[in-house]
Amino acid sequence: MSAICIPRWLRPPLFSVSMLITMAVVYFTYFDEAWNMSEGDRAIVRVNLPFKKPLLHHPKGAAYVRANASIISLVRNEELDGIIQSMRELERSFNSKFNYSWIFFNNEPFTDEFKRRTRKETNGECHYELIPPEHWNVPDWIDHNKLEESLHEMRAQGVQYADKLSYHQMCRWNSGFFYKHPALKGIKYYWRVEPDVKFYCDIDYDVFKFMEEYNKTYGFTINVYDDPKSVRSLWPVTQSFLDANPQYLSRDNSLLWLTDRKRRPGRYDEANGYSTCHFWSNFEIGDLDFWRSEAYEQFFEHLDRTGGFFYERWGDAPVHSVALGLFLDNEKIHWFRDIGYEHPPYINCPNLPSCQACQPNLFTHSWFNYEDCRPLWFHQVCESRRRKGLDDEGMCMIAHSLRKYHD
Ligand SMILES: Nc1nc2c(ncn2[C@@H]2O[C@H](COP(=O)(O)OP(=O)(O)O)[C@@H](O)[C@H]2O)c(=O)[nH]1
Ligand SMILES: [Mg+2]
């Protein structure tokens, strides 16, 4: 009688190894989508979040009167191809219907080629603006030895862009100077656009008129955690401002979102009391009057004097977000869920028929899905709206499905 010959790969220990490899291949092939989804993605899918299209009372047509608004972009000459891509995307999805003007800002003069090629992409007016050096240059009260040391230290800690001085200048300009540029004098609303971004959905209403009619101050698409090493002292410095100026704290503030420790205690501890959640400011649709307000101006001055834009690497996103979360009523902040948007590595892709070429509800294609801060935002909106007896826009359904974090 001949013995049955079992191949080596079907015998232990090789069998267990081959089983593991097979299971991993099957998992990554068939469940890749689930693997990539963040907790926010899953919650949105689970509750099938309802969407109400905004109703506006301004008909489109020949006699259309635009809102007092502009599309704005800080950009370098060498990013011409990138900004053209962004322009094409935004013109196709939104601006070719409304023809809002574009205002480009640069700390160096724009080249003729930049002007010629960008003008071709829109029927709106184009303006090319130089940033005054006093808005851009490193202020003279910054200690250069301390700056060198800080940059060196942050580089050693792996803080992104930490050793790129122009990045610090850019963040400071976006925090405290863009709205002071003379080209924006008298303009109320802005839409901030960066090079190399994508817009996935057809937007058939005027978002600026939406801001006006629905009394919104700030609109975002993506909401994420930050690297706490870049904002170590931002929250303590903010607290000292609030201690001296308690009158600026809004009754309907977003402190739950700004100071949550439960979800990511490591972030909170390293950022000394700040969750690090922020609106990703490469996309912003906002009311410039908020930045021009006394509260924000004094807040910015207070922050700036500490040198944190240089000795640390405070981004304009956390600075804007902390101010919005403290000084503004929560209901004045709007999630433009219907604006499909991508600035790598994050995406806002609604599950709507008006959106193409992005995967509905998927927040990222990369491994950063734990950076999604939307669940906390849903919780914040739910609590604020409930307290005021307002429509929570479906946020409470999501918040309840994530309740384990908030009890
Ligand atoms: N004119 C000018 N624009 C800058 C400079 N540094 C960054 N920007 C712009 O600032 C924005 C943010 O910079 P980006 O490199 O996209 O940073 P990231 O989105 O944080 O990775 C983009 O619109 C850039 O074009 C600079 O030194 N000069
Ligand atoms: Mg960018």
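Residues in the sequence shown are numbered consecutively from -12, following the numbering used here. Built from N, CA and C at the ideal position, the CB exists for glycine as well.
In the same chain as R142, and ignoring 5 residues on each side of it, the C-beta atoms closer than 7 angstroms to its own belong to A149, D150, in chain order. In the three-state reduction of the DSSP assignment, T204 falls in the coil class. Annotated three-state conformation of N132 is helix, per DSSP.
Residue pairing of N335 in beta bridges, as defined by DSSP: Y328.
When the beta-carbon positions are compared, P362 and E26 come within less than 9 angstroms of each other. Straight across, the Cα-Cα distance linking S371 with D239 is about 7 angstroms. Residue pairing by DSSP puts F186 in a beta bridge opposite Y328. Relative to the non-hydrogen atoms of ligand 2, the Cβ of D183 comes within a distance shorter than 8 angstroms of at least one. Around the C-beta of A344, fewer than 16 other C-beta atoms lie within 10 Å, and the residue is accordingly described as exposed. Within 8 angstroms of the C-beta of H330 there is at least one heavy atom belonging to ligand 2.
Residue state for E271 is assigned as strand, using DSSP reduced to three classes.
The beta carbons of F97 and N64 sit closer together than 9 angstroms.
The C-beta separation of L313 from L229 comes to about 7 angstroms, placing the pair in contact by the 8 angstroms criterion. According to the DSSP assignment, E76 belongs to no beta strand (DSSP E) but to the alpha helix (DSSP H) extending over 67 to 80. Nearest to L339 by alpha-carbon distance, out of N348, E135, H155, is N348. Annotation for I59: the continuous beta strand (DSSP E) segment containing it runs 56 to 61.
Proximity to K319 across D274, L290, S341, S262 peaks at D274, based on C-alpha coordinates. Put simply, the stretch 302 to 316 touches the stretch 153 to 164. At least three CB pairs are less than 8 angstroms apart. Within the stretch 287 to 320, the complete alpha helix (DSSP H) runs of at least 4 residues fall at 295 to 298, 303 to 314. Between ligand 1 and L61, a heavy atom-to-CB distance of less than 8 angstroms is present. Measuring C-alpha to C-alpha distances from A386 to each of M6, C369, Y212 identifies C369 as the nearest. DSSP places E116 inside the beta strand (DSSP E), whose first and last residues are 113 to 117. Taking the Cα positions, Y201 is about 27 angstroms away from N110. The stretch 168 to 184 makes contact with the stretch 106 to 124: 3 or more CB pairs, one atom from each, lie closer than 8 angstroms. The beta carbon of I59 sits closer than 6 angstroms to the beta carbons of I90, Y177, R179 from its chain, once the five residues preceding and following it are set aside; these are given in chain order. Separation of A56 and I71 (C-alpha to C-alpha, rounded to the nearest whole angstrom) is 20 angstroms. Setting aside the 5 residues that flank it on each side, S268 is surrounded in the same chain by D303, A304, H307, each with a C-beta closer than 6 angstroms to its C-beta; the list follows chain order.
Around W(-4), the same chain offers F2, S5 as residues with beta carbons nearer than 8 angstroms, after the five sequence neighbours per side are excluded.
For M384, the CB contacts under 8 angstroms within the same chain, skipping 5 residues up- and downstream, are V34, L36 in chain order. As a beta-bridge residue in DSSP terms, R179 pairs with I59, E271. For P223, the CB contacts under 6 angstroms within the same chain, skipping 5 residues up- and downstream, are N259 in chain order.
For the pair S153 and S388, the Cα-to-Cα distance works out to about 43 angstroms. A Cβ-Cβ distance of about 20 angstroms is found for the pair N94 and W128, leaving them out of contact under the 8 angstroms criterion. Scanning its chain for C-beta atoms nearer than 7 angstroms, with the 5 sequence neighbours on each side dropped, one finds around A310 the residues Y283, F286, in chain order. Taking 8 angstroms as the upper bound for CB-CB distance, S220 and G295 are in contact here, some 6 angstroms apart.
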